[in-house]
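**Student:**
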Amino acid sequence: MSMTKADLIDQIADGTGLTKIETRAVVEGFMTAVRGAMKEGRRIELREFGVFEVQHRAPRTGRNPQTNEPVEIEDRYKPVFRPSDKLSEAVDAAHKADEE
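Each residue of the sequence shown is one higher than the one before, starting from 8 at the first, in our numbering.
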């Protein structure tokens, strides 16, 4: 089951007492700030949550799966999220508890 931005806004608004309009502004402001920092190549570190950063992918040769012919893939910069150890442990524990 996925969570949409609207679901996230509803949950944050319910938990903080902010209105949905205020919460939407905060969520969109956060997303804009992260996007802007990543465009500048900056690293965003949120303690106990994770790190957003940009990784460079070198050019390489791939294969067209239909024809099996080689295809040159250009280098690119890709946004990456690495969860903190605390977040990883919390997610793992929650899913293991659901299995029981």
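C-beta: ideal position from N, C-alpha, C; glycine also.
This one's a predicted model, so the numbers in the text were calculated from it and none came from an experiment.
H102 to S9, Cα distance in whole Å?
**Tutor:** Position 95 of the sequence shown, counted from the first residue, corresponds to residue 102. Position 2 of the sequence shown, counted from the first residue, corresponds to residue 9. Spanning the two alpha carbons is a distance of roughly 15 Å.
**Student:** Which one or two residues does DSSP pair with K85 in a beta bridge?
**Tutor:** Position 78 of the sequence shown, counted from the start, is the residue given in the question as residue 85. BP columns for K85 point to Q62.
**Student:** To the nearest angstrom, how far is the alpha carbon of R50 from that of E79?
**Tutor:** As a working mapping, residue 50 is identified with position 43 in the sequence shown. As a working mapping, residue 79 is identified with position 72 in the sequence shown. Spanning the two alpha carbons is a distance of roughly 29 Å.
**Student:** Distance check for F37 and M45, CA to CA, integer angstroms please.
**Tutor:** For this step, residue 45 is matched to residue 38 along the sequence shown. For this step, residue 37 is matched to residue 30 along the sequence shown. Cα to Cα, M45 sits roughly 12 Å from F37.
**Student:** I need the boundaries of the alpha helix (DSSP H) containing T30, first residue and last residue.
**Tutor:** Translated into positions along the sequence shown, residue 30 becomes position 23. From DSSP, the alpha helix (DSSP H) with T30 extends over K27 to K46.
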